[in-house]
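Numbering (the numbering used here), first residue to last: -18 to 307.
Built from N, CA and C at the ideal position, the CB exists for glycine as well.
Working notes for the structure below.
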Ligand SMILES: Cc1cc2nc3c(=O)[nH]c(=O)nc-3n(C[C@H](O)[C@H](O)[C@H](O)COP(=O)(O)O)c2cc1C
């Protein structure tokens, strides 16, 4: 097997510095395991694992373990929006640690409590950030690495490009991973040459045989061009990158007037966010599994430009790794 040693591969104990990022609702055990088995690392998204793909949480982790003995990671979205959610996330992290997970990707919020738990057993934590102020917060919390989410990313994209993020965050003393817009082996190699310790991809891994989303969604990724990706505020209240389908065009991209008004108030903002969170979990689950493609709310980033076929995830990892060989 090809080995591309970087600070990320040393931290995560993997061979190829390629992460299959957490994806609600697209992360399923088979996809996570396939990326890890090929030498990269798949990240478990706990709400996707349980709510979308129907696994009891610990049984889902054990299923992944039965498919690969190599390291897998866990995504802790740590926004403390409700006490019940925070307590559930603590339990999920504890069980992940019990089941042998040692690589954590945190997003939003203060990652300190995850860092303390992971470090106590020799694990590491990388924190998703879109700009310097969040990177500083993550470092204050003791994270071991940063994932720089750029403006071409699927999901919640950041405001800056990959080169600008390398300039801003490259000198902070921890490994930096590039997330966003990488869909081809050449782009993967270019990111490593730019100084990134690895790449986190989402969109590319949706168009795989292991991903359990509908064929219509996968084909839409294969067919889309970068200019078909638009930012919609209608899913979560903040911009999310989606394919500009007729359904999205009918819905419009902006949050409704009522939602905007609610988001402005200090107390109502919290309720609106919770409402959005619940609504989006349900909507995204329905769209990703729906085979009729009538309400297609399909998240994808600008990397769609380089994605031309649905392939096994392991083949993608190996093809990308081969592009970095002399
Ligand atoms: C469908 C989809 C769902 C995502 N869900 C999550 C998530 O639940 N948690 C998270 O931290 N990142 C999430 N992301 C971001 C990815 O983990 C990754 O950073 C991003 O997809 C990289 O950009 P790319 O799609 O251009 O490769 C999601 C991305 C996509 C495309």
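Rounded to whole angstroms, how far is the Cβ of residue i from the Cβ of residue j, which I believe are closer than 8 angstroms?
i: residue 136; j: residue 86; result: Rounded, the Cβ-Cβ distance is 12 angstroms, inconsistent with contact.
i: residue 38; j: residue 52; result: Contact flag wrong, Cβ pair sits at about 19 angstroms.
i: residue 172; j: residue 143; result: 7 angstroms
i: residue -7; j: residue 84; result: 5 angstroms
i: residue 58; j: residue 88; result: 5 angstroms
i: residue 78; j: residue 116; result: Not confirmed; about 25 angstroms, so no contact.
i: residue 177; j: residue 155; result: Not quite, the Cβ-Cβ distance comes to about 12 angstroms (not below 8 angstroms), so this is no contact.
i: residue 210; j: residue 281; result: 6 angstroms
i: residue 297; j: residue 185; result: 6 angstroms
Whose CA, out of the options, lies closest to the CA of residue i?
i: residue 293; options: 202, 223, 190 and 299; result: 190
i: residue 131; options: 205, 265, 283 and 13; result: 283
i: residue 214; options: 138, 104 and 208; result: 138
i: residue 279; options: -18, -2 and 4; result: 4
i: residue 7; options: 266, 40, 295 and 66; result: 266
i: residue 82; options: 166, 155, 112 and -5; result: -5
i: residue 118; options: 21, 91 and 101; result: 91
i: residue 200; options: 211, 68, 300 and 187; result: 187
i: residue 23; options: 102, -10 and 79; result: -10
i: residue 168; options: 13, 300 and 151; result: 300
i: residue 286; options: 30, 162 and 49; result: 162
i: residue 288; options: 207, -15, 157 and 40; result: 207
i: residue 224; options: 204, 306 and 217; result: 204
i: residue 295; options: -15, -14, -13 and -1; result: -1
i: residue 290; options: 9, 25 and 164; result: 164
i: residue -15; options: 21, 2, 114 and 12; result: 21
i: residue -3; options: 229, -18 and 10; result: -18
i: residue 56; options: 102, 170, 68 and 73; result: 73
Taking contact to mean at least 3 C-beta pairs separated by less than 8 angstroms, is the stretch 91 to 109 in contact with the stretch 123 to 138?
Proximity of the stretch 91 to 109 to the stretch 123 to 138 meets the contact definition, three or more beta-carbon pairs being nearer than 8 angstroms.
What alpha helix (DSSP H) runs, 4 residues minimum, are completely inside the stretch 26 to 99?
Correct list: 38 to 48 and 64 to 79.
Can we say the stretch 190 to 199 touches the stretch 173 to 182, given the rule of at least three CB pairs closer than 8 angstroms?
In short, these stretches do not touch, since the Cβ pair count stays below three.
For the stretch 4 to 17 against the stretch 41 to 50, are there 3 or more C-beta pairs whose distance is under 8 angstroms?
The answer is yes - the stretch 41 to 50 touches the stretch 4 to 17, with three or more Cβ pairs under 8 angstroms.
Contact the stretch 107 to 119 vs the stretch 142 to 157: 3+ CB pairs below 8 angstroms
Yes: at least three Cβ pairs fall under 8 angstroms.
Beta strand (DSSP E) runs wholly inside the stretch 161 to 235, at least 3 long, in chain order
Segments of the beta strand (DSSP E) lying fully in the stretch 161 to 235: 179 to 182, 210 to 213 and 221 to 224.
Unbroken beta strand (DSSP E) runs of length 3 or more, entirely within the stretch 103 to 137: which are they?
Whole beta strand (DSSP E) segments, 3+ residues: 105 to 110 and 126 to 130.
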